[in-house]
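I have placed the structure first, in the form of structure tokens, so that the comments after it can refer back to it.
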Amino acid sequence: MTNSNRSRAAMRLTADNCIDCGLCVSHCTFLQGIGSPDKVAENGLSSESEHDETAIKSYHCSTCSLCSSVCPVDANPANMFIELRNHAQDKQLIGLDAYSPLLKYEKVGTCFPFKDNILPEGCETVFFPGCTLPAMFPKGTNAAYSALKQQDPSIGMILNCCSKPSKMLGLKTEHTDAISDLFDFMKSKGIKRILTACPNCHITFKEFSSEIEIISIYEVLANLEIKTNTAWLKQATVHDPCVTRFEPAIHDSVRTLLIKTGVELVEMEHTREQTFCCGEGGGVPMHNDENARAWTRKRLTEAKQTGAPIVTYCAGCANYLSGKKPVAHVLDLLFVKRDETPELPKFPLGYLNRLKLKILARFA
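Numbering-wise (my numbering), the sequence shown opens with residue 1 and increments by one.
Following this line, the structure appears as structure tokens:
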């Protein structure tokens, strides 16, 4: 089936199932501007030109899936907007010049000197930290790897990019080619298990293949007897990244780990399956900054109401939200001794941190 037919099928499915109850619209600035999923789908199906126009509008969507989460009839409008992006790129309806920093960041992550394969003898399990975590939180990343190695010295580390940006922007072929190469390499080396720390990597890998087991490092650490710090935060409120909204085991594991450090958790109204996007999702800041800011305001408003500092397990969310308020990362709280939540590194320090981690990991 072509991308065009897939997006048309996704619109038909949404149009047939959506009951136009308005629940998703009440949560989403994007839908408040474009209309309910039912209306969007019916309009897109009305003609080929409307199909194309609807596909272009999909780039205002944060692809956070809150609409699908709150839907009482499981209409899954989020999938419709993702398929519309694939259609948009298949027909070259919208250029991606505005997203070039994001695509360059992906490309850099797949190339020397930032990629590396640290595979000890007998390695069947690898830690895959992703791109942004080593850049923003290198000490926590390295300490987490060391903790894993203490349990199993054969655990390796792969430094690479999952190519989520290409997938998110509708570059389906480019994404499939890149991630296929990565998985083919791992299978050729006998890798049977990937431990992810980046939520985007975790979901991207799970959606791509079931041939290699994908497990979150937070689930692994929560079930290990590991030595942790006493966290510098007395209280914290957890921001669950939107990409993990349907991953309850990760939600539970992160909270278990935080409690082990002595942190008192104060929950926001919208967490776990109904968490808010930080604002960066879908690359929206590069296309519609006001929609992105609307999500950020909603997230920070709820955090402020708890009176507790924010902690998350997505380095991208931490980086994006920290422009307004300091945000800690779970791995830092677990393993790094600090007096306060640090300011995150700016360009080019993040790239230097990734290179430092590459060296340190060789001696973990």
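The beta carbon of each residue, even a glycine, is placed where N, CA and C say it ideally should be.
Going by the CB atoms, is the gap between residue j and residue i shorter than 9 Å?
i: P129; j: A143; result: no
i: L258; j: V220; result: no
i: A364; j: K149; result: yes
i: H60; j: G33; result: yes
i: L102; j: G283; result: yes
i: Y320; j: V108; result: no
i: S62; j: C277; result: yes
i: K164; j: T204; result: yes
i: N158; j: F127; result: Going by the sequence as given, residue 158 is Ile instead of Asn. The answer is yes: Cβ separation under 9 Å.
i: E269; j: Q305; result: yes
i: T275; j: H329; result: no
i: C198; j: I179; result: no
i: R245; j: E267; result: no
i: K324; j: L357; result: no
i: C314; j: N160; result: no
i: G281; j: V311; result: no
i: C123; j: G156; result: yes
i: G44; j: M11; result: yes
i: N353; j: P134; result: yes
i: F54; j: D38; result: Sequence inspection shows Thr at residue 54; the Phe mentioned does not correspond to that position. Cβ atoms of T54 and D38: not closer than 9 Å.
i: S7; j: M80; result: yes
i: N229; j: V327; result: no
i: E207; j: R193; result: no
i: T125; j: A294; result: no
i: S322; j: E343; result: yes
On the DSSP bridge assignment, give the partners of residue i in chain order.
i: N117; result: I158
i: V311; result: V238, A328
i: E213; result: R193
i: L224; result: Bridge partners of L224: none, in fact.
i: L265; result: A236
State the DSSP-derived secondary structure class of residue i, mapped to helix, strand or coil.
i: R299; result: helix
i: F112; result: coil
i: S322; result: coil
i: E290; result: helix
i: F205; result: helix
i: F276; result: coil
i: H60; result: helix
i: C317; result: helix
i: T306; result: helix
i: A231; result: coil
i: C24; result: helix
i: D74; result: coil
i: L96; result: coil
i: A135; result: helix
i: T271; result: coil
i: V284; result: helix
i: S65; result: coil
i: K337; result: coil
Got a sec, what are the start and stop residues for the beta strand (DSSP E) residue i sits in?
i: Q89; result: Careful: Q89 lies outside any beta strand (DSSP E), inside the alpha helix (DSSP H) at 77 to 90.
i: T125; result: 125 to 128
Which first and last residues belong to the alpha helix (DSSP H) in which residue i is found?
i: H51; result: 48 to 57
i: K149; result: 138 to 151
i: H367; result: With the chain running from 1 to 364 in the structure shown, residue 367 is simply not present.
i: A361; result: 349 to 361
i: R12; result: 3 to 17
i: Q32; result: 29 to 34
i: A178; result: 172 to 188
i: K346; result: From DSSP, K346 is part of no alpha helix (DSSP H); its letter is neither H nor E.
i: S166; result: 164 to 168
i: K39; result: 37 to 45
Count the other CB atoms within 10 Å of the CB of residue i; is the residue buried (16 or more) or exposed (fewer)?
i: A222; result: buried
i: V73; result: exposed
i: Q89; result: buried
i: N291; result: buried
i: F137; result: buried
i: G9; result: Contrary to the premise, residue 9 reads as Ala rather than Gly in this sequence. Per the 10 Å Cβ criterion, exposed.
i: D332; result: buried
i: S216; result: buried
i: R255; result: buried
i: I19; result: exposed
i: G279; result: buried
i: E106; result: buried
i: N3; result: buried
i: L84; result: buried
i: E302; result: buried
i: S36; result: buried
i: P120; result: exposed
Could you tell me whether the Cβ of residue i comes closer than 9 Å to any Cβ of chain C?
i: Q235; result: In the displayed structure, chain C is absent; only one protein chain is listed.
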